[in-house]
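Visitor: Count along the sequence shown from 1, then add 113; that gives the number in the working numbering. Backbone N, C-alpha and C fix where the C-beta goes; we use that ideal spot for every residue, glycine too.
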Amino acid sequence: MRKAGLLLCLMLAAAGVRAETKPEGAALFDEHCARCHDRDLPRIPTRETLKQRDPKDVFTAISAGIMAPYGRGLDSAQRRAVAEYASGQPLGDFASGAAAIPKTAYCPAKPAPLAAPDAGWNGWGVDAANSRFIDATRAGLAAGDVPKLRVKWAFGVPAVTTMSGQPVAVGGRVYFGTFSGLVIALDADTGCTHWVFEAHAGIRTAVTLGKLPDGTTSLFFGDLSGKVYALDPDTGREHWSSVADDHLHARVTGTPMYHAGRLYVPLSSLEEVAGAMPDYECCTFRGAIAALDATTGKQIWKTHTIAEAPTRRGRNPAGAQLWAPSGAAVWSAPTLDPEHDALYLATGDSYSDPAAPESDAVMSLAMSTGKVRWIRQATHGDAYTTACADPSPKSQVACPKSKGPDLDFGASPVLAKDANGRSVLLAGQKSGVLHALEPATGSVLWQKTVGRGGIVGGIEWGFAVADGRAYVALAEAWEHGPNDAGGIVAVDLRVGATVWQVGPAQGTCEGRKRCNTGQLAAVSGMPGVVFSGALDGHLRAYSTQDGSVLWDVDTRRDYATVNAIAARGGSLNGPGPAIADGRVFLVSGYALWNLWTPGNVLLAFTVEGH
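1. Return the Cβ separation of residue 511 and residue 396 in integer angstroms, given the expectation that the two are a contact with Cβ distance under 8 Å.
2. Put residue 132 into one of helix, strand or coil per three-state DSSP.
3. If you draw a straight line from the C-alpha of residue 586 to the C-alpha of residue 496, how long is it?
4. So, are the CB atoms of residue 675 and residue 304 less than 7 Å apart?
5. Report the start-end ranges of each beta strand (DSSP E) in the stretch 232 to 280 that is 3 residues or longer and not cut off at the edges.
6. Would you list, in sequence order, the uninterrupted beta strand (DSSP E) runs of no fewer than 3 residues that lie entirely inside the stretch 280 to 331?
7. With distances taken between CB atoms, is the gap from residue 468 to residue 490 smaller than 7 Å?
8. How would you label residue 508, buried or exposed, when you count the other beta carbons within 10 angstroms and need 16 or more for buried?
9. What do you get for residue 230, buried or exposed, if any count of 16 or more other CB atoms within 10 angstroms of its CB means buried?
10. Label residue 726 either buried or exposed according to how many other C-beta atoms from any shown protein chain fall within 10 Å of its C-beta, with 16 as the threshold for buried.
11. Find out if the Cβ-Cβ distance for the pair residue 650, residue 667 is shorter than 7 Å.
12. Which value, in whole angstroms, describes the spacing of the CA atoms of residue 204 and residue 276?
13. Name the DSSP beta bridge partners of residue 157, please?
14. With residue 457 as the anchor, note down where its beta strand (DSSP E) starts and where it stops.
15. Taking the Cβ atom as the reference point for each residue, do residue 613 and residue 580 lie within a distance shorter than 7 Å?
16. Check the DSSP bridge columns for residue 717 and list the partner residues they point to.
17. Taking residue 681 as the reference, give the member of 697, 637, 448 and 701 with the closest Cα.
18. Tell me, which residues are paired with residue 377 by DSSP?
19. Looking only at its own chain, which residues have a Cβ that is under 6 Å from the Cβ of residue 260, when we skip the five neighbours before and after it?
20. By the three-class DSSP mapping on this structure, what secondary structure does residue 415 have?
21. Could you tell me if residue 191 is buried or exposed, where buried requires 16 or more neighbouring beta carbons within 10 angstroms of its beta carbon?
22. Measure the Cβ-Cβ separation of residue 293 and residue 312 and say whether it is below 7 Å.
23. Which same chain residues end up closer than 6 Å to residue 455 when comparing Cβ atoms and leaving out the 5 residues on each side of it in sequence?
24. Where does residue 499 sit, in a helix, a strand or coil, going by DSSP?
25. For a minimum of 3 consecutive residues, which ranges assigned as the beta strand (DSSP E) are wholly contained in the stretch 645 to 702?
26. Using the beta-carbon count (16 or more within 10 Å), is residue 369 buried or exposed?
27. Report buried or exposed for residue 399, applying the criterion of at least 16 other Cβ atoms within 10 angstroms of its Cβ.
28. Take every Cβ of the stretch 691 to 701, pair it with every Cβ of the stretch 227 to 242, and state whether three or more of those distances are shorter than 8 Å.
29. Could you please give the first and the last residue of the uninterrupted alpha helix (DSSP H) stretch that includes residue 173?
30. Pick helix, strand or coil for residue 123, following the three-state DSSP scheme.
31. Thinking just about the alpha-carbon of each residue, which of 710, 590 and 582 is nearest to the one in residue 244?
32. Three-state secondary structure (DSSP) at residue 384?
33. Under 7 Å Cβ to Cβ from residue 416, same chain only, skipping five residues before and after it: list those, please.
34. Closer than 8 Å is the cut-off here; do at least three beta carbon pairs connect the stretch 310 to 330 with the stretch 284 to 293?
35. With DSSP as the reference, label residue 522 as helix, strand or coil.
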């Protein structure tokens with residue numbers, strides 16, 4: 114699915130580079146990167162696109178970001194040479210990691226101990242049901258305040274062009290992760306920095322705060338190398354870290370969920386991209402969910418989404434060994450129902466033929482044991498690698514025979530009640546279908562087609578649910594252009610009827626390059642209002658009553674920042690805003706794909722900027 118914006122495709126060749134050899138950047142790129150970046154693979158930047166990148170961004174991606182697991186065989190000088198060649202610019206001297214945050218950005222005093230981890234917007238979906246809808250008390254805002262929201266402060270993130278980690282706002286603080294592998298804790302009122310932690314690799318999850326059985330609080334997250342961490346939320350000190358999956362391409366993109374001393378960690382992978390190489394033995398990764406002891410990080414149980422282990426399944430036309438079943442990654446946070454000892458998750462496509470019956474599916478497991486209770490597959494026979502998007506014969510060698518159609522579930526399931534009090538489990542798919550299931554059995558209650566669907570179509574990162582309605586933003590950004598992609602729809606949970614629908618934004622991409630109106634970012638809500646971000650850089654607030662636009666801000670501009678790092682907003686994709694204590698926090702910038710606008714800013718909005 115969105116394994117897409119690889120900055121440097123080193124995974125197959127980097128291990129063979131000898132440390133004592135220091136060839137020039139062009140030679141290194143030709144030998145180890147050109148096989149990906151010289152092909153017409155729409156989810157991988159071309160050489161031309163890489164020339165638009167900041168060399169610090171490229172270097173960080175190889176060293177600590179999305180490509181860190183695959184650049185292990187390159188020493189620092191080789192990574193520098195590749196970054197300078199790929200970007201066409203000298204790297205020069207620069208501070209990386211925590212050292213890149215100026216000392217003047219730090220708060221003058223230590224914060225008081227965090228008291229109530231659930232007092233604000235905690236985790237991905239704000240609650241165990243992943244409703245992405247916060248109550249009025251914790252929001253600290255009324256619908257009438259929203260048109261008066263203004264930027265109070267901005268924080269610039271160094272050496273990134275994609276803002277991947279959703280902010281979490283709790284106890285007067287903001288926590289968020291970065292694509293360069295930093296977790297940053299800020300003061301919510303002023304934006305000053307409390308602490309910075311450096312993870313092993315880049316971060317796409319939100320953080321989750323949880324009170325442990327001994328009364329202390331930990332902050333949890335996962336990174337793009339498959340590691341999971343627990344930190345002290347007051348100091349950033351590491352309590353423990355653990356490798357949740359040792360597959361080379363494993364990573365954590367869905368936010369871990371905490372409950373009663375256990376941490377539930379979803380596992381996804383990059384193997385759908387690796388499988389696009391004709392000589393790669395595709396594929397052996399299986400999605401999974403792991404339950405860890407939140408105090409120690411030790412595994413309690415782990416369940417693969419695909420029960421059958423992969424076995425040899427012949428060879429492709431290039432002679433590479435094929436394996437199956439594979440895939441069914443878990444891209445999003447699981448949903449918890451402790452009352453019924455139930456955990457719900459949604460899976461992505463398969464990577465190899467034959468497609469597994471557990472792919473493109475919603476699953477229910479026992480929280481206590483990890484035992485699978487039921488599986489409801491939405492799309493049969495969906496085996497896909499990124500090679501399938503390129504019609505050239507060279508790429509088609511690495512495309513499974515079923516050729517997709519790549520209709521993952523990327524959004525977390527949502528457990529809700531309709532207006533009659535009936536429990537409903539909702540799952541939004543890239544096909545454009547919103548599925549309503551009976552939580553105990555997985556039987557279909559209704560299915561509603563809200564979008565046209567596609568590779569970057571339908572429902573991408575998440576929707577908000579409250580008061581018997583689902584508020585679903587539409588992507589459609591690969592198959593459709595500006596003014597045609599995007600929109601938002603409100604759906605009645607009783608029968609799946611449309612309450613209201615708003616079409617794509619018009620005119621916001623005129624005269625702009627790398628612009629689209631698709632609304633991929635997760636929706637966030639509060640009483641009377643839902644917020645939806647778009648690839649055109651706009652964050653819009655819609656009335657829950659009729660869909661009218663209450664507020665619209667274009668984040669694609671330069672900002673003066675509280676930490677004196679140059680910052681600019683860009684496309685909104687992935688994370689939605691966090692709402693808490695009279696503030697709205699948003700990250701802006703998404704350059705992973707070839708089509709959209711980079712950025713590196715976290716924005717804090719308050720009423721009139723006060």
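Guide: Let me spell this out:
1. Position 398 of the sequence shown, counted from the start, is the residue given in the question as residue 511. Position 283 of the sequence shown, counted from the start, is the residue given in the question as residue 396. That belief does not hold up - the Cβ atoms of residue 511 and residue 396 are roughly 10 Å apart, past 8 Å.
2. Taking the first residue of the sequence shown as position 1, residue 132 is located at position 19. Summary for residue 132: the model assigns pLDDT 38, below 50, so the residue's position carries little reliability; its value from the coordinates is reported in the next sentence. Residue 132 falls in the coil class under three-state DSSP.
3. In the sequence shown, residue 586 corresponds to position 473, counting from 1. In the sequence shown, residue 496 corresponds to position 383, counting from 1. Between residue 586 and residue 496, the C-alpha separation is close to 26 Å.
4. Residue numbering aside, residue 675 sits at position 562 when the sequence shown is read from its first letter. Residue numbering aside, residue 304 sits at position 191 when the sequence shown is read from its first letter. Yes, the Cβ-Cβ distance between residue 675 and residue 304 is below 7 Å.
5. 262 to 269
6. 281 to 283, 286 to 290, 295 to 300, 306 to 311 and 321 to 324
7. Here residue 468 corresponds to residue number 355 of the sequence shown, with the count starting at 1. Here residue 490 corresponds to residue number 377 of the sequence shown, with the count starting at 1. Their beta carbons are not under 7 Å apart, which means residue 468 does not touch residue 490 by this criterion.
8. Along the sequence shown, one-based indexing puts residue 508 at 395. With 16 or more other Cβ atoms within 10 Å, it is buried.
9. Within the sequence shown, residue 230 is the residue found at index 117, counting from 1. It is buried - the Cβ of residue 230 has at least 16 other Cβ atoms within 10 Å.
10. Residue 726 is absent from the structure shown; the chain starts at 114 and stops at 723.
11. Taking the first residue of the sequence shown as 1, we reach residue 650 at position 537. Taking the first residue of the sequence shown as 1, we reach residue 667 at position 554. The answer is yes: Cβ separation under 7 Å.
12. In the sequence shown, residue 204 corresponds to position 91, counting from 1. In the sequence shown, residue 276 corresponds to position 163, counting from 1. Answer to the nearest angstrom: the Cα atoms are 21 Å apart.
13. Indexing the sequence shown from 1 puts residue 157 at position 44. In DSSP, residue 157 forms no bridge with anything.
14. The count along the sequence shown starts at 1 and reaches residue 457 at position 344. 455 to 459 is the extent of the beta strand (DSSP E) around residue 457.
15. Taking the first residue of the sequence shown as position 1, residue 613 is located at position 500. Taking the first residue of the sequence shown as position 1, residue 580 is located at position 467. Cβ atoms of residue 613 and residue 580: not closer than 7 Å.
16. Along the sequence shown, read from residue 1 onward, the residue named residue 717 stands at position 604. Paired residue(s): 266 and 698.
17. Residue mapping note: residue 681 aligns to position 568 of the sequence shown, counting from 1. That would be 701, whose Cα lies nearest to the Cα of residue 681.
18. On the sequence shown, residue 377 is found 264 positions in, with the first residue counted as 1. Paired residue(s): 370 and 404.
19. Counted from its first residue, the sequence shown places residue 260 at position 147. Only 663 and 664 meet the Cβ criterion.
20. The residue you call residue 415 lines up with position 302 of the sequence shown. In this structure, residue 415 counts as strand in the three-state DSSP scheme.
21. Within the sequence shown, numbered from 1, the residue matching residue 191 stands at position 78. Per the 10 Å Cβ criterion, buried.
22. Position 180 of the sequence shown, counting from 1, holds the residue named residue 293. Position 199 of the sequence shown, counting from 1, holds the residue named residue 312. Result no, Cβ atoms of residue 293 and residue 312 do not sit closer than 7 Å.
23. As a position in the sequence shown, residue 455 is number 342, starting the count at 1. Excluding sequence neighbours, residue 455 sits near 477.
24. For the purposes of this step, residue 499 is taken as residue 386 along the sequence shown, with counting starting at 1. Helix, per DSSP.
25. 651 to 656, 662 to 667, 691 to 693 and 696 to 701
26. On the sequence shown, position 256 is the one that residue 369 refers to. Under this definition residue 369 is a buried residue.
27. The residue labelled residue 399 in the question sits at position 286 within the sequence shown. Burial call: buried.
28. yes
29. Residue mapping note: residue 173 aligns to position 60 of the sequence shown, counting from 1. Residue 173 -> alpha helix (DSSP H) spans 168 to 176.
30. Indexing the sequence shown from 1 puts residue 123 at position 10. Because the pLDDT of residue 123 is 36, which lies under 50, any placement of that residue in the model is unreliable, and the number read from its coordinates should be weighed accordingly. In the structure shown, residue 123 sits in coil (DSSP, three-state: anything other than H, G, I, E or B).
31. Counting from 1 along the sequence shown, the entry for residue 244 is found at position 131. Residue 582 is the option with its Cα nearest to residue 244.
32. Position 271 of the sequence shown, counted from the start, is the residue given in the question as residue 384. It is helical.
33. Counted from its first residue, the sequence shown places residue 416 at position 303. Result list for residue 416: 401, 402, 478, 483 and 485, in chain order.
34. yes
35. Position 409 of the sequence shown holds residue 522. Three-state DSSP puts residue 522 in coil, outside helix and strand.
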